[in-house]
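Student:
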Amino acid sequence: MSGINNGGPAFPVECDYVNGKLQGRQTDYTAGWHEGMTLRDYFAAKALPGIYERTCKMLEENRERVTNVYDIAAIAAYEQADAMIRARGDA
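Our numbering numbers the first residue of the sequence shown as 44 and each following residue consecutively.
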């Protein structure tokens with residue numbers, strides 16, 4: 044993996060075995076936690092609908108130049124997620 048700051052886990056869950064079954068509860072960073080999705084992935088997913096709407100409009104206006112609106116939207120979503128993580132570091 045590259046040196047991209049992924050922000051850590053978005054929703055860390057402490058895991059315990061209860062009656063032989065793995066169960067979790069939302070918690071902070073503790074021993075036995077499961078990472079789940081990263082904060083970077085969560086931010087990108089939240090940003091994607093608005094970005095996708097704008098890139099679809101861009102596709103309509105520039106059909107001859109834009110070949111894959113999905114790649115453009117995905118790249119823009121992660122760029123926005125990275126900016127949000129950087130901003131969190133400055134807060």
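Cβ coordinates follow ideal geometry from the N, Cα and C atoms, glycine included.
(1) Can you tell me whether I118 is buried or exposed? The criterion is at least 16 other CB atoms within 10 Å of its CB, across all chains shown.
(2) Can you tell me whether I47 is buried or exposed, with buried defined as 16 or more other CB within 10 angstroms of its CB?
(3) Distance check for F86 and P92, CA to CA, integer angstroms please.
(4) Taking all protein chains shown into account, do 16 or more other C-beta atoms lie within 10 angstroms of the C-beta of G63, making it buried, or fewer, making it exposed?
(5) Which value, in whole angstroms, describes the spacing of the CA atoms of R83 and A53?
Tutor: Looking at the coordinates:
(1) exposed
(2) exposed
(3) 11 Å
(4) exposed
(5) 8 Å
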